[in-house]
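Residue numbers for the sequence shown follow this note's numbering, beginning at 18 and rising by one.
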Amino acid sequence: MYRPKHFDLNDPARLAALMRRHSFATVITHDGVAPFATHMPVLFHAAAGSPGTLVTHMARANSQWRHFANGHEVLVIFHGPHAYISPRWYETQPAVPTWNYAVVHAYGVPRLVEDAESLRLMLRELVSAFESHRPQPYGDQLTDEYIDQLLPAIVGLEIPITRLEGKLKMSQNRATADRLGVIAALQQSSDQTEREVAEMMSLEKL
18 MYRPKHFDLN
28 DPARLAALMR
38 RHSFATVITH
48 DGVAPFATHM
58 PVLFHAAAGS
68 PGTLVTHMAR
78 ANSQWRHFAN
88 GHEVLVIFHG
98 PHAYISPRWY
108 ETQPAVPTWN
118 YAVVHAYGVP
128 RLVEDAESLR
138 LMLRELVSAF
148 ESHRPQPYGD
158 QLTDEYIDQL
168 LPAIVGLEIP
178 ITRLEGKLKM
188 SQNRATADRL
198 GVIAALQQSS
208 DQTEREVAEM
218 MSLEKL
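Structure, rendered in structure tokens:
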């Protein structure tokens with residue numbers, strides 16, 4: 018990924034936070050003929066002394082899982098908030114439009130997980146991750162018997178991360194007045210994602 022110095026994000030804690038907050042990721046492989054992508058929730062597991070591990074699963078009917086057995090590195094992209102930036106919001110003129118965004122690229126060689134106990138734990142963890150904050154979490158209603166009926170239809174994946182690349186393009190290359198103008202404009206937006214960009218920009222040092 019192209020990462021100019023002022024946009025490079027290499028703080029492990031911030032990379033982890035982005036992967037956890039924006040866990041619906043794009044998993045990209047190559048079968049030797051063409052690239053292939055699947056969009057799915059991916060959980061990040063931190064690990065002392067290493068970049069961590071990604072955990073997910075996919076339908077066995079999805080032929081992409083066969084790419085994971087070849088020992089090749091895969092790319093998982095976590096997409097953070099993004100927004101179009103109008104030059105009208107800058108004090109410095111003339112200027113051109115651009116796009117602000119946050120993204121993490123995680124690379125690793127995946128391992129297939131097909132034993133029933135591990136798959137069952139993966140499914141419960143995934144449900145818990147997205148249900149636990151809800152008033153009435155659904156996970157307790159999923160019995161082992163019901164989950165076991167689903168297991169033959171899925172393949173589990175563990176991806177020990179070999180390298181992480183992060184990019185946080187939040188107008189760091191602009192003058193302070195220009196950045197404040199962008200923040201003010203995005204804060205007034207009716208679009209929640211654009212307001213998230215404004216919040217992220219406000220956390221960067223001016």
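Glycine included, C-beta positions come from ideal geometry on N, C-alpha and C.
Among the residues of its own chain, which have a CB less than 8 Å from the CB of W116, if the five just before and after it don't count? Counting only Cβ-Cβ distances below 8 Å, and skipping sequence neighbours, we find H99, A100, Y101, I102 and K186.
Is the Cβ-Cβ distance between F95 and L174 less than 8 Å? Contact flag unset, no.
Can you tell me which residues form a DSSP beta bridge with E182? Beta-bridge partners of E182 (DSSP): H122.
Who are the Cβ neighbours of L26 in its own chain at under 7 Å, not counting the five residues just before and after it? Here the set comprises L32, G183, K184 and L185.
Identify the continuous alpha helix (DSSP H) that holds M75 and give its terminal residues. Where M75 is concerned, there is no enclosing alpha helix (DSSP H), although the beta strand (DSSP E) it sits in stretches over S67 to A76.
Taking all protein chains shown into account, do 16 or more other C-beta atoms lie within 10 angstroms of the C-beta of H23, making it buried, or fewer, making it exposed? Classification of H23: exposed, given that the 10 Å Cβ count is below 16.
Look at A194 and E131 and say whether their C-beta atoms are less than 8 Å apart. With respect to the 8 Å criterion, A194 and E131 are not classified as neighbours on the basis of their beta carbons.
Would you report the Cα separation of S207 and A215, rounded to the nearest angstrom? Those two C-alpha atoms are separated by around 12 Å.
Tell me which same chain residues have a C-beta within less than 8 Å of the C-beta of P169, skipping the five on either side of it? So the qualifying residues of the chain are R77.
Between the stretch 142-154 and the stretch 55-66, can you find at least three pairs of beta-carbon atoms closer than 8 Å? Result yes; three or more Cβ-Cβ pairs closer than 8 Å.
State the CB to CB distance for the pair M139 and H74, rounded to an integer number of angstroms; the pair is presumed to be in contact (CB under 8 Å). That pair is a contact at about 6 Å.
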